[in-house]
Structures are given as structure tokens and as C-alpha cells.
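Down below is the structure, laid out as C-alpha cells.
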Amino acid sequence: MNSTNPKHLTNPKLDEETISTEPIFKGKVISLQVDTVKLPNGQTATREIIRHPGAVAVLALNGDRMLVVDQYRQAMGRTEVEIPAGKLDPGEEPEVAAARELREETGYVAKSLRHLRSFYTSPGFADEIIHLYIAEELEAGDMALDEDEFLEVSEITIEEAYELMDQNRISDAKTMMAVYAWDLYKTTGRGSRDLTFENIAREASDRKGIHLLGVIDCHSPVVQMDIEQLLENGTMSELEGGGIAYQDTTILLGTELELREPGMREFHMLAYFRDLKTMKSFTDWMKRYMKNVNLSSQRVYVPALEMQAEIKARGGLIVPAHAFTPHKGIYGSTAPRMADVLDSSLIDAVELGLSSDSSMASYIRELDQVPFLTNSDAHSLGKIGREYNELQLAKPSFDEFNMALKGQEGRSITANYGLDPRLGKYHRTYCAACGSIMDEQAMSAERCPHCGSVKLVQGVLDRILAIADRESPHVPANRPAYHYQVPLEFIPGLGKAKLRQLLDRFGTEMNVLHRTSEDELAEVIGPVLAGLIVAARNGQLELSSGGGGTYGKVSNKERSE
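Numbering (our numbering), first residue to last: 372 to 932.
Below you can see the structure in the form of C-alpha cells.
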């Protein structure tokens, strides 16, 4: 995309003809001119026009948080909270400028940078156009501010962004536009062009080989309309045992809810329902207690126990989501014990999250009899199936899944397949000021040992050890085995083209990760990459821990014994 103004359809009857232009002022950033124009009725008028080279702004997402900068604005006479932004240099492409501004103002580099929208700021008198980009998969680095630029970087949740807007701390158009875009981006079927209900089903069935899949945006009327259309045209069908069938894959209709008890921080909880009719009934009740029922993971303003009662009244399943993460995990953010917040007898399972495993969770006694789920919270198609569960079922359906969680009639969870916790985004404590990830010696520190900052994001491992009521983990004998896996996207040097070759040859990522021999892999991608996949399969690669919203890393060297 270039930096020229986009072309729009015009109404010739309203066009104005420029007769003359008088330059008034030319500065470092803007110029001012006065145009004399001929109006549609034949008369003349003057237009004061500010010319601007254009700018970029970056919605930079670090997990479920947005990067913002505090910066003094002379025109406003105060400090404003904004997203990273800056003007285009002469001849500079917007995407290049977006990457530059993100790096200069925050120190972060984005592996994924995508254009969202371009918009004019004040078309009545200025031609300034801002190109808004979304940046994801961030890696921390060093800031490179201009000599006259002074700012502070921080991370905020979407709820905090709205609170800052209410307080008039965020009041500039580009940042407000980014917040609204972020809110929309979180919604399945509309927030992402690829992450539609049908595409999710196709990815799970055709590429990942998944037989049972939960989609947790099904409370949204927009998503429900998509499902109804797919049912009507025969692409999908409702199963007698509950769930939506697509080829060999069954989709469970779920929702992710945000709740907050007085005096506590918020947490996320999953609810699954048997069929679309029941899900729509839940939506009709819930929409009275939330701001926007079309969006994902929204705050529902009811007590947690009342929410549990409403879910159970509809035969639903209750699963606290990513239970140990510092951002909205019930253990990681809200309370040291689940029973302090919820009725534990109504909990059907606990979702471990990417940064923990069965052994880590077994430091907490109240979880001894609670089933563990290893689910991948996927915000893109490629990340579906990073973690999954192996179930003993007669067939994939809601009823069978419910029986497996309860261990009834031979149904059960037989194994958990999850990320090595070190690869998770929140495994270790992280310094938000300098980007350091704490090692074993610094895990209990109140200040960063590298820069002295107190802006620490407690890691999952460190949080579990802090709230543990056992000195060592106790894994019950009936607990399913936990198998570590390294998703193909983490393998160094395995790009999209080679991944496509593997899938074309072996069908699904599960086949590549767990079933295909090293010799067969080498025939497609060569011996080096094949060796890395097998080494990852056998737990023989060196890993560095993630933290603060940044994934851990896989080395291209095998671990030394």
C-alpha cells in the first residue's frame, strides 16, 4: 500500500473546482494554503487547507494487552495516553513507517504487521490520513526516540482502555479508533477475516485432524447467524448427542465470560452448551448484564455464583479458563483458591493454559479430583491445536464429552498434549520496564534485578509456587499422562512453504508431530529440519522460558544431557 490518498467515489453534482491556491505557511510538519473554489451553484468561496504528509499508527498487542505511550501534547496542554504513531518520511511506505515507529517508541519488533484501515482525521480542513496497523507476536528490544521526544511505555487491557477513555485520558481519534478496532478484532467471524466459524471447522478437520473442537464466541448473535446459515445450507448439522457436525469434526458451542467479584480482580470462565437453542437462550439472559453481546470475552456484571447457576440451569459445562495466567486466570489473577470465588462442586474441569502443566497444577490440593484440559486459546487458524486432549469416546459429541469429564461408562480423558510450559507466554516473571525474564534466583524478587523496576508481571510457575499448599506436586494415580509437544510453528527454520509441503504429504499436523518417521520427514523437508522435529518430539531441544506475553523460544540445538 502506498501513501497516496485512497480514491473514493464522488458525486459530480457536489464537486468544487479549484480556481487558485495561495500558500500561507510552510512548516516542518504541515503547510497552510487558501484555495479559491467554484461552488456547484457557480458562486465562489475560500477553503483554508492544511497539507500533511500522512501518518501511521500501530495497535500493538502483547497477548491480551495493548502497548500505549504517555506523551505530553503541547496543543492539548497535557499528557495523553496514545498508541505508537508518527508521520511518514518522504517516499516512505506506511508499513515500513509503522514498523519503524513501533520500534522507536516502544522498542518492540513485530513478527506480524497487518494493515487494518486508513482514515482522515479532519477532512473539513486537512488532508492528513492515518494508516492504522495491527502488530502481533512482539519481541522486546531497545527504544530509539527522537531528541525532542519524551514518553513512557506501558501495557493496558481493553477494559483499562475504556476506563481511560471515560476519564478523558485517551481522547485522540487514532487511539480511540484502535481501541474500537481491537474490541471488534476479538470477535470470531467478524474481527478477523480468516477466523470464521466455517474456517475454524475446516482447519480443525482438514489440517489438524481434530475430532472435537470448542468455539467460545458462540454467544454472539453474529456468530449464531453464521451457524444458522451453515445449518440451513447443509454445510453442517446438529447432532442428536449435542454439538455441530462438520465432516469428521464436532464443534462444541461455547462462550468465554469475564467475571469480577467485589475486592478481587477479574477472571475468565468457559461455558459449553449442548445445542444452538440453549446457547441462544443463554445469550438472551446474559445480554442484559453486558455492554456488547457481540464481542468476545466481555465482562458480565453478575455475581460468579449466579452465573454458575444460570449455566447449570441450562445443562452447561463450566471450565475456568487459562486458570494460572497473570491476566485473568482465576488462580493467576483473582484468588489463591478457586473455592474463594466459585462453587467448586459445579466445576466440570480446569483449563491449564499454555504456561502450566498437570504437575505444576498438582501443587494445589483442591484440584486433586478436578479434570484438567489442555486447550489452545487460538486467535488465528494456525494456532488451533497447539494443545489438545485425547479422549475415550463412543463418538464426538457434547454428551460424550460430558461423560468423559465425569469418567462415566468408560469415557475418560486418556491424555493431555500440551506445550512445554517454558514456551508459554507467561511461564516466568517478567519486567515490563526492561523486558527481562526472571531466572530461578530472582523469582521471588520484588524489584527487577536488572533495572530495579517494580513493574513485574508474575509468571505462572512463580505464582503457583507462591500459593501452593504442598511442598511438592502430588499427581493422583488416575490423572492422565501429560505429553509435551512443540508446535510446528516453533521449529526454527520451518517456514510456511515447508509446512505446507508437510501437510500436503502427511495430512495433518498431528501426523507430522507424533506419527511420521524421521526418514519420511527428511524426504520432504531435508534431514536438518526432520531432525529438529523428532528432537522436539522426544524433548531433546533446548528451550528458553517465555514471560510477560512473549512466547518462549526453541533453540536449533539439541539439549545436552
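Backbone N, C-alpha and C fix where the C-beta goes; we use that ideal spot for every residue, glycine too.
About 7 Å separates the beta carbon of A431 from that of M437, a gap short enough to meet the 8 Å contact definition.
At the C-beta level, E508 and A549 stay beyond 8 Å of one another. Counted as a single uninterrupted DSSP element, the alpha helix (DSSP H) harbouring P465 occupies residues 465-477. L776 is positioned such that its CB atom lies no closer than 8 Å to that of A852. Sequence-distant partners of P767 (beyond 5 residues in either direction) whose C-beta falls short of 6 Å from its own C-beta, in its chain, are H582, L583, T621. Look at V883 here: in three-state DSSP terms it is helix. Checking the DSSP bridge columns, you'll see L584 partnered with I622.
Taking 8 Å as the upper bound for CB-CB distance, V831 and Y797 are in contact here, some 5 Å apart. DSSP links A852 through a beta bridge to A786. Nearest C-alpha to I454 among P465, G448, E464, D441: D441.
Collapsing the DSSP output to three states places S888 in coil.
Nearest in C-alpha terms to L676, of all of D890, I718, S783, is I718. The three-state reading of DSSP puts A616 in strand, counting E and B together. The continuous beta strand (DSSP E) containing P394 extends over residues 388-397. The continuous alpha helix (DSSP H) containing K648 extends over residues 647-657. Residue pairing by DSSP leaves Y660 without any beta bridge partner.
Listed in chain order, the alpha helix (DSSP H) runs fully inside the stretch 690-759 are 729-732, counting runs of at least 4 residues. Within the same chain, no residue comes within 8 Å of P633 by CB-CB distance, once the 5 residues on both sides are set aside. P792 counts as buried, since at least 16 other C-beta atoms from the protein chains shown sit within 10 angstroms of its C-beta. By the Cβ neighbour-count rule, K699 is buried, with 16 or more other Cβ atoms within 10 Å of its own. DSSP, read as helix, strand or coil, puts E842 in coil.
In this structure, P424 keeps its C-beta atom at 8 Å or more from the C-beta atom of K384. Rounded to the nearest angstrom, the gap between the Cα atoms of Y533 and G902 is 48 Å. DSSP, reduced to helix, strand and coil, places Q414 outside both helices and strands of the structure shown, so it counts as coil.
In the three-state reduction of the DSSP assignment, T407 falls in the strand class.
An exposed status is given to V405, since fewer than 16 other beta-carbon atoms sit within 10 Å of its beta-carbon.
Comparing C-alpha distances from E526 to each of V846, G920, V925, D554 shows the shortest one belongs to G920.
For S915, the pairing in a beta bridge is given by DSSP as K924.
Relative to D577, the option among T696, D435, R876, P844 whose CA is nearest is R876.
When E523, W553, Y734, P394 are compared, the shortest CA-CA separation from V439 is found for E523. At least 8 Å separates the beta-carbon of A469 from that of L487. Residue pairing by DSSP places D441 opposite V452, E523 in a beta bridge. V673 sits away from H590, with the two beta carbons spaced by 8 Å or more. The beta-bridge partner set that DSSP reports for R485 consists of I505. In this model, T546 and E464 are separated by some 21 Å (Cα to Cα). Where Y643 is concerned, the enclosing beta strand (DSSP E) starts and stops at 638-644.
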